[in-house]
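Visitor: First the structure, then my questions, so here it is.
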Amino acid sequence: MTAMSQRDIEDNIREIYGAEIRQTMASKITDKILPEVNEWQNRPLESIYPIVYFDGIVFKSRVDNQIANKCVYSVMGIDMEGMKDILGIWISEKESATFYASICSDLKKRGVQDIFIACHDNLKGLGNAVFPLTKQQLCIVHQVRNSAKFVPYKDRKAVCADLKKIYGAVNLDDAEYAKEEFREKWDKKYPSILRSWDANWADLTTFFEYPEQIRKLIYTTNAVEAYHRMLRKFTKSKAIFPTDDSIRKVVYLSVKEITKKWTMPCRDGGLVYSQIMIYFEDRFAA
1 MTAMSQRDIE
11 DNIREIYGAE
21 IRQTMASKIT
31 DKILPEVNEW
41 QNRPLESIYP
51 IVYFDGIVFK
61 SRVDNQIANK
71 CVYSVMGIDM
81 EGMKDILGIW
91 ISEKESATFY
101 ASICSDLKKR
111 GVQDIFIACH
121 DNLKGLGNAV
131 FPLTKQQLCI
141 VHQVRNSAKF
151 VPYKDRKAVC
161 ADLKKIYGAV
171 NLDDAEYAKE
181 EFREKWDKKY
191 PSILRSWDAN
201 WADLTTFFEY
211 PEQIRKLIYT
221 TNAVEAYHRM
231 LRKFTKSKAI
241 FPTDDSIRKV
251 VYLSVKEITK
261 KWTMPCRDGG
271 LVYSQIMIYF
281 EDRFAA
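For the sequence shown, our numbering assigns the number 1 to the initial residue and increments by one for each residue that follows.
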């Protein structure tokens, strides 16, 4: 089976748009939607995206009569006008930095010349060969969540409060001081926490290089995760997809609906833009 069934199309149109469609219309959508998806996937992109978020969401699909997890890679770009956009849909067996590097190559083929800051969840070396000047910012929220994962409930609140002193510091010097205070207090009891922070320190603290408005946009991947939550709502009626193409179709239809509401630039967009023009002035002249 190479496409969604008519019933699949009917169910998903009903779920996404709240509309009933006839069987003949479902057949036409089945025949015509994939070329539209492919055209959208290969459309030209902006030459510069100041901020890009990378993340993956997992769906279940049939592969050789077996159920397999498929990771749908989501790349959300913030353009020079501060507007959000989903740059494409990529599907793989699992989430990996290697596959993300191939996504970056695809973005470059479609016209992206530069990404200033890439926000993601610890994908080491992401796109460095394709966009070597891109600053990497690991998601602080993911880092804290992973740090607290194995901390007993009785200590979790205190540990998270002390971690907040690190990433909530005014500047990098204060953050390093707070990290050492955390080390003195908790390292004997929970040595794995700072082991991870130390290993990823450079990419965890990129946001300290910029003023508050930019920091708020890059210290977490919440923007793309909020999009994924919406995507889950639109696809909740479909537990298992018959093919990768069926995933592409439904995600594409969902993206079209979700992005209709993205009519305003990011908060403090004008101020963020002016700061980006200052901090990345040399990249515009390149």
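Note that beta-carbon positions come from the ideal geometry of N, C-alpha and C, so glycine has one too.
Measure from the alpha carbon of Arg183 to the alpha carbon of each residue in Asp173, Leu253 and Leu194, then state which is nearest.
Guide: Against the sequence shown, residue 183 aligns to sequence position 183. When only C-alpha atoms are compared, the closest one is Leu194.
Visitor: Can you give the Cα-Cα distance for Leu123 and Lys233, rounded to whole angstroms?
Guide: Looking up residue 123 in the sequence shown gives position 123. Looking up residue 233 in the sequence shown gives position 233. Computed Cα separation, rounded: 27 Å.
Visitor: Could you compute how far the alpha carbon of Tyr210 sits from the alpha carbon of Tyr279?
Guide: In the sequence shown, residue 210 corresponds to position 210, counting from 1. In the sequence shown, residue 279 corresponds to position 279, counting from 1. Cα to Cα, Tyr210 sits roughly 8 Å from Tyr279.
Visitor: Can you say whether Tyr153 is buried or exposed, counting buried as having 16 or more other CB atoms within 10 angstroms of its CB?
Guide: To locate residue 153, count along the sequence shown from 1; it is residue 153. Classification of Tyr153: exposed, given that the 10 Å Cβ count is below 16.
Visitor: Our contact map puts Ser61 next to Ile240 with C-beta atoms below 8 Å; I'd like the distance itself, whole angstroms only.
Guide: Position 61 of the sequence shown holds residue 61. Position 240 of the sequence shown holds residue 240. Contact holds; Cβ gap of about 7 Å.
Visitor: Looking only at DSSP bridge pairs, what is Asn69 linked to?
Guide: Numbered from its first residue, the sequence shown carries residue 69 at position 69. DSSP, once it has assigned bridges, lists Lys60 as partnering Asn69.
Visitor: Let me know the beta strand (DSSP E) ranges lying completely inside the stretch 70-142, each 3 residues or longer, listed in chain order.
Guide: For the stretch 70-142, whole beta strand (DSSP E) runs of length 3 or above, ordered along the chain, are 84-92, 114-120 and 135-138.
Visitor: My output table needs one value for Ile240: the three-state DSSP class, helix, strand or coil.
Guide: As a first step, residue 240 must be located in the sequence shown, where it is residue number 240. If DSSP states are grouped into helix, strand and coil, Ile240 belongs with coil.
Visitor: From Pro35 to Gly82, what does the alpha carbon distance come to, in whole angstroms?
Guide: Position 35 of the sequence shown holds residue 35. Position 82 of the sequence shown holds residue 82. Going by the C-alpha atoms only, they are around 29 Å apart.
Visitor: Look at the Cβ atom of Asp162, then the Cβ atom of Leu138, and state whether they are nearer than 8 Å.
Guide: As a position in the sequence shown, residue 162 is number 162, starting the count at 1. As a position in the sequence shown, residue 138 is number 138, starting the count at 1. Against a cut-off of 8 Å, the Cβ pair of Leu138 and Asp162 comes out as no contact.
Visitor: With 16 other CB atoms within 10 Å as the buried threshold, where does Pro44 fall?
Guide: Start at 1 with the first residue of the sequence shown, and residue 44 comes out as number 44. With fewer than 16 Cβ atoms within 10 Å of its Cβ, Pro44 is classed as exposed.
Visitor: Does Ala202 come out as helix, strand or coil in the three-state DSSP assignment?
Guide: Here residue 202 refers to the residue found at position 202 of the sequence shown. Ala202: helix per DSSP, three-state reduction.
Visitor: Short check: CB of Arg248 to CB of Asp114, under 8 Å?
Guide: By 1-based counting over the sequence shown, the position of residue 248 is 248. By 1-based counting over the sequence shown, the position of residue 114 is 114. No, they are not a contact pair.
Visitor: May I have the straight-line CA-CA distance separating Ser47 from Trp201, to the nearest angstrom?
Guide: Start at 1 with the first residue of the sequence shown, and residue 47 comes out as number 47. Start at 1 with the first residue of the sequence shown, and residue 201 comes out as number 201. Taking the straight line joining both Cα atoms gives about 30 Å.
Visitor: How many Å lie between Lys109 and Asn42 at the Cα?
Guide: By 1-based counting over the sequence shown, the position of residue 109 is 109. By 1-based counting over the sequence shown, the position of residue 42 is 42. Rounded to the nearest angstrom, the two C-alpha atoms are 9 Å apart.
Visitor: Since Met76 and Tyr53 should fall inside the 8 Å C-beta cutoff, what is the C-beta to C-beta distance between them, to a whole number of angstroms?
Guide: On the sequence shown, residue 76 is found 76 positions in, with the first residue counted as 1. On the sequence shown, residue 53 is found 53 positions in, with the first residue counted as 1. So it is a contact: roughly 4 Å between Cβ atoms.
Visitor: Ignore the nearest five residues each way along the sequence and tell me which others in Asn171's own chain have a CB closer than 8 Å to its CB.
Guide: If you number the sequence shown from 1, residue 171 lands on position 171. Closer than 8 Å at the Cβ level, and outside the excluded window around Asn171, lie Phe208.
Visitor: Run the CB neighbour count on Pro56, radius 10 Å, all protein chains shown included, and call it buried at 16 or more, exposed below.
Guide: Taking the first residue of the sequence shown as position 1, residue 56 is located at position 56. Note on identity: in this sequence residue 56 is Gly, with Pro being the wrong assignment. Burial call: buried.
Visitor: Can you tell me whether Val151 is helix, strand or coil according to DSSP?
Guide: Residue numbering aside, residue 151 sits at position 151 when the sequence shown is read from its first letter. Three-state DSSP puts Val151 in coil, outside helix and strand.
Visitor: Give the DSSP-derived three-state secondary structure of Phe284 in the structure shown.
Guide: For the purposes of this step, residue 284 is identified with residue 284 of the sequence shown, where counting begins at 1. In the structure shown, Phe284 sits in a helix (DSSP, three-state: H, G or I).
Visitor: What whole-angstrom Cβ distance do Trp90 and Ile103 have, given they're in contact under 8 Å?
Guide: If you number the sequence shown from 1, residue 90 lands on position 90. If you number the sequence shown from 1, residue 103 lands on position 103. That belief holds up - the Cβ atoms of Trp90 and Ile103 are roughly 5 Å apart, short of 8 Å.
Visitor: Nearest to Ser192 by alpha carbon, out of Tyr219, Asp203 and Asn146?
Guide: The residue given as residue 192 occupies position 192 in the sequence shown. Answer by Cα proximity: Asn146.
Visitor: Using the C-alpha atoms, what's the distance from Cys71 back to Ser92?
Guide: Here residue 92 corresponds to residue number 92 of the sequence shown, with the count starting at 1. Here residue 71 corresponds to residue number 71 of the sequence shown, with the count starting at 1. Distance between the alpha carbons of Ser92 and Cys71: 5 Å.
Visitor: Quick check: the Cα distance between Val272 and Lys94, rounded to an integer number of angstroms?
Guide: As a first step, residue 272 must be located in the sequence shown, where it is residue number 272. As a first step, residue 94 must be located in the sequence shown, where it is residue number 94. Cα-Cα distance, rounded: 34 Å.
Visitor: Assuming Val250 and Thr235 are in contact, meaning their beta carbons sit under 8 Å apart, how far apart are those beta carbons, in whole angstroms?
Guide: Within the sequence shown, numbered from 1, the residue matching residue 250 stands at position 250. Within the sequence shown, numbered from 1, the residue matching residue 235 stands at position 235. Confirmed, Cβ separation roughly 6 Å.
Visitor: Excluding the five sequence neighbours on either side, which residues of its own chain have a C-beta within less than 6 Å of the C-beta of Arg215, listed in chain order?
Guide: Position 215 of the sequence shown, counting from 1, holds the residue named residue 215. Phe207.
Visitor: For the alpha helix (DSSP H) that contains Val224, what are its first and last residues?
Guide: Residue numbering aside, residue 224 sits at position 224 when the sequence shown is read from its first letter. Unbroken alpha helix (DSSP H) run through Val224: Asn222 to Thr235.
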